[in-house]
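Novice: Counting along the sequence shown from 1, when you hit position 57 you're at 66 in the numbering used here, and nothing is skipped either side.
All C-beta atoms in this analysis are idealised placements derived from N, C-alpha and C, irrespective of residue type, glycine included.
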Amino acid sequence: QVQLVESGGGLVQPGGSLRLSCIASKFGFSRYSMNWYRQAPGNERELVAQVTPAGDSTNYADSVKGRFTISRDNAKNTVYLQMNNLKPEDTAKYYCTIEGLSSWGRGTQVTVSS
Numbered sequence: 010q011v012q013l014v015e016s017g018g019g020l021v022q023p024g025g026s027l028r029l030s031c032i033a034s035k036f037g038f039s040r041y042s043m044n045w046y047r048q049a050p051g052n053e054r055e056l057v058a059q060v061t062p063a064g065d066s067t068n069y070a071d072s073v074k075g076r077f078t079i080s081r082d083n084a085k086n087t088v089y090l091q092m093n094n095l096k097p098e099d100t101a102k103y104y105c106t107i108e109g110l111s112s113w114g115r116g117t118q119v120t121v122s123s
């Protein structure tokens, strides 16, 4: 079974930055698109960003365009989410997933508050 471990969350003030990381157990990482989702209490899960297997194409939710950047390092089986100009509405638990597979990690909490 594929294991995903997210890290890098924390408490940050509005306007601040965080970089999330997600490392996947060896499963053929470079063949799959990778996603970042987030879910806040009482809200539906939201797809935040997606990156293609080679990292040459990305997609973002409208709510994060221009502020978040997804990237990957296939040699390290790792996907990243650079989050800049964070807003209180970005507060959520963030998860990485593998496109087409049902594996989920435990997530990492991001809290944006002054």
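(1) Tell me whether N83 sits in a helix, a strand or coil according to DSSP, three-state version.
(2) Could you say if the stretch 45-53 and the stretch 103-110 meet the contact criterion of at least three C-beta pairs nearer than 8 Å?
(3) Do you know whose CA, among G75, T61, A70, E15, lies nearest R54's CA?
(4) Cα separation between E108 and S16?
(5) Confirm the yes/no value for this check: CB of S16, any heavy atom of the ligand NAD, distance under 7 Å.
(6) For the beta strand (DSSP E) that contains N44, what are its first and last residues?
(7) So, for V119: in the same chain, excluding its five sequence neighbours on each side, which residues have a beta-carbon less than 8 Å away from its beta-carbon?
Specialist: In short:
(1) In the sequence shown, counting from the first residue as 1, residue 83 sits at position 74. It is helical.
(2) yes
(3) Numbered from its first residue, the sequence shown carries residue 54 at position 45. Taking only the C-alpha atoms, the option nearest R54 is A70.
(4) As a working note, residue 108 is residue 99 in the sequence shown. As a working note, residue 16 is residue 7 in the sequence shown. Cα to Cα, E108 sits roughly 19 Å from S16.
(5) Only the bare structure without any ligand can be found here, which leaves the ligand NAD out of the picture.
(6) Counting from 1 along the sequence shown, the entry for residue 44 is found at position 35. Looking at the DSSP string, the run of the beta strand (DSSP E) that includes N44 is 43-48.
(7) Locating residue 119 in the sequence shown gives position 110, counting from the first residue. Taking C-beta separations shorter than 8 Å and ignoring five residues to either side along the sequence, the partners of V119 in its chain run G18, G19, V21, L27, L29, R47, M92, L95, D99, T100, A101, K102, Y103, following chain order.
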